[in-house]
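Numbered by numbering that gives the first Met the number 0, the letters in the sequence shown go through residues 0 to 416 in order.
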Amino acid sequence: MSEIVHVVDSAGEVRALATELRAALAGPEISTSTVLDGFEAWATALGEEETAGIPGVPFLRMWLRRGTLEPIIARELGSSALCGGWTEDGRARLKPFPLGIVGHWPAGNIEIQPVLSMTCALLGGNASLVRVPSGLVEPTKMIMQKLEQTDTRALAGRVRMLAFDHTRRDLHEAVARSVDGAMAWGGEEAVLQVRSLPFPHWGRLAIFGPRISIAAMDRDSWSAPREQESWCKRIARDVWQFDQQACSSPQVLFLEKKAGCSPWDFVESLRKAFESENRLHPRREIQAALTTAICQARASWLLDSAAKRAVFPPGPDWTILLGSGSEIPKPTQGKTLTVLEVDDLLDPLEKLDGSVQTLGLAMADPAREESLAAVAARRGVDRIVKLGRMHVFAPPWDGVDLIRPMVRIVRYVSSTS
0 MSEIVHVVDS AGEVRALATE LRAALAGPEI STSTVLDGFE AWATALGEEE TAGIPGVPFL
60 RMWLRRGTLE PIIARELGSS ALCGGWTEDG RARLKPFPLG IVGHWPAGNI EIQPVLSMTC
120 ALLGGNASLV RVPSGLVEPT KMIMQKLEQT DTRALAGRVR MLAFDHTRRD LHEAVARSVD
180 GAMAWGGEEA VLQVRSLPFP HWGRLAIFGP RISIAAMDRD SWSAPREQES WCKRIARDVW
240 QFDQQACSSP QVLFLEKKAG CSPWDFVESL RKAFESENRL HPRREIQAAL TTAICQARAS
300 WLLDSAAKRA VFPPGPDWTI LLGSGSEIPK PTQGKTLTVL EVDDLLDPLE KLDGSVQTLG
360 LAMADPAREE SLAAVAARRG VDRIVKLGRM HVFAPPWDGV DLIRPMVRIV RYVSSTS
């Protein structure tokens, strides 16, 4: 088996890997159907014991399915892209072509992100040069091994993954000079560093910077006894995926005040859902710094006011903090959900500043939901979804398509017509 993640120490090594990718791109074109077939086989292989338990892999398997990707490709590139044909546009014809090599700078806190970012470029016919964060090298190797086992080098041959210390500016620059486009994910410092790199003047950048997400329930949804258990299970599912570290993870849940109903009763139902989810998907390990942050969040919350309450187990597995107010608290992560009671859901939504990516909703009144969704959209929210579906990965993402930015739409008008 070929080396999956190349540990590089010089710009020359980076250029050599890019040269291999240029050679692969110069070979026969790979059809979209071939890519989708390869992804389907890969998704099946990822269900095997060695990889099934890697955080995010169940989600990755769903993303790789043809049924997930075909509608996305058709929407972003046109239905003809699925069969490799041209789309009629008056007297002209349009067809997507790859940019070339796409560089990837994934965030270091989501195990599947190096691979997830890479798949977006492959769907556009590109090759990928992926810088794998040091903490993700092992899970990335395991995931990519499954691709190599199922692939006849058609897809794996267009990918080179490399690892180097994040402080090596010279190697970051070497990657940037070798690519025709880039996808960067992560915190403010990380994405600003990528933006400053010396890309070719024709290079295209897709930047997915730091965002947070919130959830909200109107008074008639959270207070309905028969539906409470179902909603709480959905919330727990959203909190558990990616250990609450993804941009789409809910950090706070706003409950609209309901006369005669106590939010504490709802929190009791939420506690049961958290306990159940924790039994199904227990945390394998936790960093000492996160444990400290969780303990500090619990203590500071309870010491701040006698009106504030909290529910949590003896360990740092999960935490529910209950209070009131319309301000979004600083996220703790680590499955720490702040539940805040508000007089009206408009109060927190009208304070949003563009930092919120996803709003998970549970609403009893469809007309009012549409009105609140419009407010959230105007305040910078890019995804508004039902609770339980906050991590459903479908473009546009952060308001941007995922495949189209890394392709060229060629316009062809025949000289003989």
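Don't be surprised by glycine CBs; every beta carbon is placed ideally from N, CA and C.
{"Query": "For residue 314 and residue 196, the rounded distance between their alpha carbons", "Result": "43 angstroms"}
{"Query": "Run of the alpha helix (DSSP H) containing residue 369, from where it starts to where it stops", "Result": "365-377"}
{"Query": "Inter-stretch contact at 8 angstroms, needing at least 3 Cβ pairs: the region 207-225 / the region 239-259", "Result": "yes"}
{"Query": "For residue 235, the nearest candidate out of 356, 272 and 363 (CA to CA)", "Result": "272"}
{"Query": "Pairwise C-alpha distance: residue 320 and residue 69", "Result": "41 angstroms"}
{"Query": "Whole runs of the alpha helix (DSSP H) within the region 84-138, excluding any shorter than 4 residues", "Result": "112-122"}
{"Query": "Where residue 451 falls, given that 16 or more other Cβ within 10 Å makes a residue buried", "Result": "Outside the displayed span of the chain (0 to 416) sits residue 451, for which this structure offers no information."}
{"Query": "DSSP three-state assignment for residue 250, whether helix, strand or coil", "Result": "strand"}
{"Query": "Alpha-carbon to alpha-carbon, residue 402 and residue 323", "Result": "41 angstroms"}
{"Query": "Element boundaries [alpha helix (DSSP H), containing residue 176]", "Result": "168-176"}
{"Query": "Other residues of its chain near residue 49: CB distance less than 7 angstroms, five sequence neighbours each side excluded", "Result": "141"}
{"Query": "Proximity of residue 39 and residue 64 at Cβ, strictly below 8 angstroms", "Result": "yes"}
{"Query": "Assigned exposure category for residue 284 - 16 Cβ within 10 Å defines buried", "Result": "exposed"}
{"Query": "Beta-bridge partners of residue 207, as assigned by DSSP", "Result": "184"}
{"Query": "Residue closest to residue 106, alpha-carbon to alpha-carbon, out of 135, 306, 275 and 17", "Result": "135"}
{"Query": "Endpoints, beta strand (DSSP E) assigned at residue 159", "Result": "158-162"}
{"Query": "Test item: CB-CB of residue 216 and residue 172 under 8 angstroms", "Result": "no"}
{"Query": "Whether residue 55 touches residue 110 by CB criterion (8 angstroms)", "Result": "yes"}
{"Query": "Whole-Å CB distance - residue 358 paired with residue 383, under 8 angstroms assumed", "Result": "5 angstroms"}
{"Query": "Cβ pair count under 8 angstroms reaching 3, the region 120-136 against the region 93-106", "Result": "yes"}
{"Query": "Residue 78, DSSP secondary structure in three states", "Result": "helix"}
{"Query": "Run of the alpha helix (DSSP H) containing residue 10, from where it starts to where it stops", "Result": "10-24"}
{"Query": "Top-ranked residue by Cα proximity to residue 206, from 361, 390 and 397", "Result": "397"}
{"Query": "Option in 28, 231 and 333 with minimal Cα separation from residue 294", "Result": "333"}
{"Query": "N-terminal and C-terminal residue of the alpha helix (DSSP H) that residue 48 is part of", "Result": "48-51"}
{"Query": "Buried/exposed call for residue 178, threshold 16 Cβ in 10 Å", "Result": "buried"}
{"Query": "Span separating the alpha-carbon of residue 297 from that of residue 175", "Result": "43 angstroms"}
{"Query": "CB of residue 203 within 8 angstroms of CB of residue 394, strictly", "Result": "no"}
{"Query": "Buried versus exposed call for residue 88 [16 or more other C-beta atoms within 10 Å across all chains shown]", "Result": "exposed"}
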